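Here is the structure we will look at.
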């Protein structure tokens with residue numbers, strides 16, 4: 072896989088073929104075409120102007136053969152439709168009479184695309200925008216994206232489009248009371264690959280940053296809003312169809328429609344299909360692997376939010392542990408970052424052979440905060456010591472969450488996670504919304520009362536099978552598809568222990584050895600990395616637009632999945648990069664190979680610890 076060029080020189084990837092001449096002939100013979108309209112049984116496209124949009128929208132509707140095609144309203148609609156297409160073609164031919172010009176053809180075909188769609192190739196779909204965007208353009212998203220999405224990593228206020236694209240915005244109805252909004256970006260220089268991106272949290276935010284990233288590498292790319300707009304889960308209230316869109320239908324529907332539109336636009340189907348997402352996007356990726364194995368040839372899923380109902384219960388239980396600020400059990404953020412963090416590193420940082428502020432294998436750390444307990448006369452709690460109540464808080468934060476009978480609800484937080492906003496003394500927003508609007512359908516439900524009984528009920532109810540915990544991946548495996556799963560071991564939002572647990576769940580369910588599971592599913596533990604990105608470790612592995620240190624498959628998970636699928640070369644490790652002050656222009660601080668599970672990293676004992684070759688991946692039981 073290479074970075075896109077956007078140029079039209081020799082050796083470039085597939086570009087759109089010209090249709091200018093054929094459409095011009097339609098314009099010349101429009102009278103004949105109008106006669107055909109009245110006598111054809113084909114599906115028709117009725118056009119309407121979308122409010123607040125300068126682009127025409129095509130809503131596909133299939134008309135039965137017995138319909139009277141001479142109704143005045145239908146006549147006008149079809150004449151207008153044909154006239155617009157003919158006018159576009161005539162303008163294109165007059166302005167650029169050479170049909171061999173790929174530059175003009177690409178622009179024209181993009182504008183004309185809505186008129187080529189119907190209820191067979193884009194069912195229940197309305198196109199609100201089909202627009203050519205030249206490379207280097209800065210898209211102002213402030214008037215497009217939901218205000219609660221703006222400023223997030225996925226939805227910047229302004230997004231640069233790296234190379235020439237055809238930008239399509241559309242809406243597909245998924246039920247009588249639900250539907251998805253999405254954007255499909257198709258680059259001029261196309262590799263033949265298709266990719267879908269997911270979402271985060273409970274949000275309905277189109278991932279514009281990922282669209283830019285993947286189109287810069289010559290993918291046709293799609294991202295949807297998971298069936299609702301904004302970061303709140305309020306849309307789930309009394310609407311199980313919106314919940315279904317969020318859980319699975321948004322990604323699947325977008326893939327089906329997106330592949331079809333891509334084929335219409337380029338004149339041939341995609342060669343391979345991929346997925347890239349993290350957090351909820353990671354869960355959506357595994358949902359596709361589990362339930363729609365035909366959708367993707369390769370999946371990259373980071374920090375997956377699977378065991379979703381139990382995850383939201385676990386996230387909500389931290390308020391029960393910490394209490395609000397000022398309570399005896401509460402610990403301020405600065406104490407977590409300072410006193411507690413230093414004590415954790417003191418006890419566990421050297422386990423991997425180097426004291427560098429990164430714990431390569433947090434599960435090997437048997438941390439005990441007892442040494443931080445204040446003496447009987449101390450008044451320095453939160454500064455140099457912790458009260459007995461606070462010591463219990465620390466223990467509970469890192470402990471697994473269990474039911475009364477001892478059964479596991481969700482694993483404990485990674486000991487290397489550091490401070491997290493999930494224990495800042497307030498109910499976790501995603502827990503609040505999920506239980507209010509998807510579980511109890513009660514907008515007044517009080518999250519401070521979350522109990523083990525509530526957790527058990529949510530797990531049993533499992534709306535639209537949000538849990539996403541099937542261990543049977545045989546259908547995905549049997550079609551030859553591949554999945555790269557990664558998780559930051561310093562993730563403060565989703566426990567990395569749960570990723571390890573799911574990998575083992577698949578292995579147990581399918582009865583596989585590690586070597587057999589490696590044939591299609593590989594899991595990489597990314598040390599020192601927070602939720603999806605960032606952290607003290609070598610966190611940049613090509614998982615997003617801002618995490619690209621190299622396009623080589625050894626150091627880029629997107630390139631790695633392409634090479635695995637298309638060349639059958641599987642990744643043995645993923646090289647991560649840490650920049651100085653997390654700023655690319657300041658250069659590389661250090662790099663480290665992240666091992667394929669179940670191996671973990673250990674310093675060899677000699678050499679510069681910032682150099683990957685000074686480390687070795689060690690299998691369990693060989694950490695002595």
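Residue numbers (our numbering): 72 to 695. Positions of the beta carbon are idealized from the N, C-alpha and C atoms, including for glycine. Note that this is a predicted model, so its numbers are computed, not measured.
Query: Kindly list the residues whose CB is nearer than 7 Å to the CB of residue 143, restricted to its own chain and excluding five residues on each side of it in sequence; keep chain order.; Result: Note that residue 143 scores 39 on pLDDT, short of 50, meaning its location in the model is unreliable and no value can be drawn from it.
Query: DSSP three-state label for residue 526, please.; Result: helix
Query: Considering only residues of the same chain and omitting the five flanking positions on each side of residue 545, which have a CB-CB separation below 7 Å?; Result: 581
Query: Quick one: which unbroken beta strand (DSSP E) runs of 3-plus residues sit fully inside the stretch 600–670? Chain order, please.; Result: 644–650 and 659–666
Query: Suppose contacts are defined by Cβ-Cβ distances below 9 Å. Is residue 510 in contact with residue 528 by that definition?; Result: yes
Query: For the candidate residues 505, 226 and 599, whose alpha-carbon lies nearest to that of residue 671?; Result: 599
Query: Can you give me the C-alpha to C-alpha distance between residue 327 and residue 246, rounded to a whole angstrom?; Result: 16 Å
Query: On the criterion of 16 or more Cβ atoms from any shown chain inside 10 Å, does residue 514 qualify as buried, or is it exposed?; Result: exposed
Query: Given residue 384, which residues of its chain have a CB within under 8 Å of its CB, disregarding the five upstream and five downstream residues?; Result: 472, 480, 481, 502, 521, 525, 526, 529 and 530
Query: Expressed to the nearest angstrom, what Euclidean distance is found between the alpha-carbon atoms of residue 223 and residue 217?; Result: 11 Å
Query: Report all residues from its chain with a CB closer than 6 Å to the CB of residue 242; omit the five preceding and five following residues, and keep chain order.; Result: 197, 250 and 252
Query: Rounded C-beta distance between residue 609 and residue 572? I'm assuming under 8 Å.; Result: Not really, about 24 Å apart at Cβ, beyond 8 Å.
Query: Take the Cβ of residue 413 as the centre, count every other Cβ of all protein chains shown within 10 Å, and call the residue buried at 16 or more, exposed below.; Result: exposed
Query: Need the endpoints of the alpha helix (DSSP H) that residue 280 sits in, please.; Result: 279–287
Query: Could you tell me which residues DSSP puts in a beta bridge with residue 482?; Result: Answer is none; residue 482 lacks a bridge partner.
Query: Quick one: what's residue 301 bridged to in DSSP?; Result: 275
Query: Under a three-way DSSP split, which group does residue 223 fall into?; Result: coil
Query: Short of 6 Å in beta carbon distance, which residues of its chain neighbour residue 219, apart from the five on each side in sequence? Order them along the chain.; Result: 301 and 302
Query: Identify which residue in 290, 460, 432 and 205 has its Cα closest to the Cα of residue 398.; Result: 460
Query: Output yes or no for whether 9 Å exceeds the beta carbon distance between residue 377 and residue 254.; Result: no
Query: Got a sec? Which residues, its chain only, sit under 6 Å from residue 638 by beta carbon, not counting five neighbours each side?; Result: none
Query: Give the list of continuous beta strand (DSSP E) stretches no shorter than 3 residues that lie fully inside the stretch 528–597.; Result: 553–559 and 592–597
Query: Counting only the same chain and skipping the five closest in sequence on each side, list residues whose C-beta sits under 6 Å from that of residue 407.; Result: 490
Query: So what does residue 393 bridge to, in DSSP terms?; Result: Answer is none; residue 393 lacks a bridge partner.
Query: Just to check my reading of the structure: residue 430 and residue 346 have Cβ atoms closer than 8 Å, yes? What is that Cβ distance to the nearest angstrom?; Result: At roughly 30 Å, the Cβ-Cβ gap does not stay under 8 Å, so residue 430 and residue 346 are not in contact.
Query: Hey, residue 601 and residue 652: beta-carbon distance below 9 Å or not?; Result: no
Query: What residue range is occupied by the uninterrupted alpha helix (DSSP H) comprising residue 202?; Result: First-last for residue 202: 196–204, but that is the beta strand (DSSP E), not the alpha helix (DSSP H).
Query: On the DSSP bridge assignment, give the partners of residue 243 in chain order.; Result: 196 and 251
Query: Does the distance from the CB of residue 541 to the CB of residue 485 come in under 9 Å?; Result: no
Query: On the DSSP letters alone, give me the boundaries of the alpha helix (DSSP H) that residue 357 sits inside.; Result: 351–362
Query: Taking 8 Å as the limit between beta carbons, can you name the residues of its chain near residue 650, skipping five residues before and five after?; Result: 611, 620, 657, 658, 659 and 660
Query: Determine the burial state of residue 730: buried for a count of at least 16 other Cβ atoms within 10 Å of its Cβ, exposed for fewer.; Result: Given that the chain is displayed from residue 72 to residue 695, the structure contains no residue 730 and the question cannot be resolved.
Query: Rounded to whole angstroms, what's the CA-CA distance from residue 287 to residue 551? Just pull it up for me.; Result: 27 Å
Query: Given this structure, state the Cα-to-Cα distance separating residue 329 from residue 586, to the nearest angstrom.; Result: 35 Å
Query: For residue 488 and residue 564, I'd like the C-alpha separation in whole angstroms.; Result: 9 Å
Query: Please list the terminal residues of the continuous beta strand (DSSP E) segment that includes residue 459.; Result: Premise fails: residue 459 lies in the alpha helix (DSSP H), 459–469, not in any beta strand (DSSP E).
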